[in-house]
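Worksheet: one structure, shown below.
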Amino acid sequence: MKEYISIKNLKFSYTKENFISELNIDIPKSCSVGLIGPSGSGKTTIIKLILGLLSPQKGSIKINNQNYSHNDLGYMPQQYALYEELSVNENLEIFSNLNNISKKSEVRKRSHELLNLIELSDKAKELVQNLSGGMKQRLSMAIAMINNPQILLLDEPTVGIDPVLRESFWNHFKKLNKNEITILITSHVMDDAMKCDKVIFFIEGKIVAYDTPVNLVKYTKTNNLGEAFVHIVNKGYKK
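As numbered in the working numbering, residues 787 to 1025 make up the sequence shown, in order.
Below, the structure written as structure tokens:
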């Protein structure tokens, strides 16, 4: 598959010691890629570099072989960034305006589409503070998609939610892939990783493996992705 997001020779450090050094990642269009690793491995740093919240000391990040506008991106942080005292609809309207969507008819249309997608249409007038944690997660995902981005960056989107809701999220993600949206997901949950089209195992700012979940299990001769991860950390990854 042709590369869509291309990260070349990326270097970034918070101190004099390199945190991320000579990082190279090619991500195909219209797929879900999991960036999998323990806390502190650099997953969120990669997301921030793509978003432009951090600047690399070296290297480049391109989309479709071009420099890109951050309007092409949608971002869902791990922590809620919602106005609790406002309704679901009011939150969508505010974030629409922040993304330069000000025409009321367009805001209503986009909000309606997103609430249908995340199955929250019946909660449109509900105050956010009255929503369950899972509903807030879904609203956060809708806000990340408000500007109709081609790329979604999701930071631990399924943390703290029950298995039924996690499955619902993945159904949404697959729908988005069919609509040619590319998704990069950070997680430390192997169940999430198994549902990705491709998985990047990321340790201490370095890629230790990048392949499909099936291949990672197959070539390490292990029983599941969790065992494959441990095997690769200890022994490396060779096909």
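The beta carbon of each residue, even a glycine, is placed where N, CA and C say it ideally should be.
Within the continuous alpha helix (DSSP H) that includes E876, where are the two ends? Position 90 of the sequence shown, counted from the start, is the residue given in the question as residue 876. Taken as a continuous stretch (DSSP letters only), the alpha helix (DSSP H) holding E876 covers 874–884.
With contact counted as at least three CB pairs below 8 Å, one residue from each stretch, are the stretch 806–821 and the stretch 976–987 in contact? yes
For the pair the stretch 855–862 and the stretch 828–843, tell me if three or more CB-CB distances fall below 8 Å. yes
Terminal residues of the beta strand (DSSP E) in which D977 lies: As a working mapping, residue 977 is identified with position 191 in the sequence shown. From DSSP, D977 is part of no beta strand (DSSP E) but of the alpha helix (DSSP H) over 976–981.
Continuous alpha helix (DSSP H) stretch holding T830: start and end: One-based indexing of the sequence shown puts residue 830 at position 44. Start and end: 829–837.
Across which residues does DSSP place Y861 in a beta bridge pair? Looking up residue 861 in the sequence shown gives position 75. Partner(s): L939.
Relative to the alpha-carbon of S1040, which residue among G828, I1018, P824, I791 has its alpha-carbon at the smallest distance? Nothing can be reported for residue 1040, as the shown portion of the chain is limited to 787 through 1025.
Please name the residue in E892, N875, L938 whose C-alpha comes closest to that of L913. Numbered from its first residue, the sequence shown carries residue 913 at position 127. Answer by Cα proximity: N875.
Distance check for K890 and L900, CA to CA, integer angstroms please. As a working mapping, residue 900 is identified with position 114 in the sequence shown. As a working mapping, residue 890 is identified with position 104 in the sequence shown. Spanning the two alpha carbons is a distance of roughly 15 Å.
By DSSP, does Q915 sit in helix, in strand, or in coil? The count along the sequence shown starts at 1 and reaches residue 915 at position 129. Correct three-state label for Q915: helix.
With a threshold of 8 Å on Cβ separation, who are the neighbours of K922 within its own chain once the five nearest residues in sequence on each side are excluded? Residue mapping note: residue 922 aligns to position 136 of the sequence shown, counting from 1. Taken in chain order, the residues that qualify are Y866, L868, V914.
DSSP state of A910, grouped into three classes? Locating residue 910 in the sequence shown gives position 124, where the first residue counts as 1. In this structure, A910 counts as coil in the three-state DSSP scheme.
Would Q864 pass as a contact of D941 if the rule is Cβ separation under 8 Å? One-based indexing of the sequence shown puts residue 864 at position 78. One-based indexing of the sequence shown puts residue 941 at position 155. In this structure, D941 lies closer than 8 Å to Q864 by Cβ.
CA-CA distance, T801 and L903? The residue given as residue 801 occupies position 15 in the sequence shown. The residue given as residue 903 occupies position 117 in the sequence shown. Their backbone Cα atoms lie some 42 Å apart in a straight line.
Closer than 8 Å by C-beta to A910: which residues in its own chain qualify, once you throw out the five before and the five after it? Chain order, please. Locating residue 910 in the sequence shown gives position 124, counting from the first residue. The answer, listed in chain order, is S873, V874, N875, S897, L901.
Contact defined as beta carbons within less than 8 Å: I believe V1019 pairs with L1011. What is the distance between those atoms, to the nearest angstrom? Looking up residue 1019 in the sequence shown gives position 233. Looking up residue 1011 in the sequence shown gives position 225. With 8 Å as the limit, V1019 and L1011 do not qualify as a contact, their Cβ atoms being about 13 Å apart.
Hey, out of M980, S973, M931, whose CA is closest to L962's CA? The count along the sequence shown starts at 1 and reaches residue 962 at position 176. Of the candidates M980, S973, M931, the one whose C-alpha sits nearest the C-alpha of L962 is M931.
From what residue to what residue does the alpha helix (DSSP H) around S897 run? Indexing the sequence shown from 1 puts residue 897 at position 111. Looking at the DSSP string, the run of the alpha helix (DSSP H) that includes S897 is 890–903.
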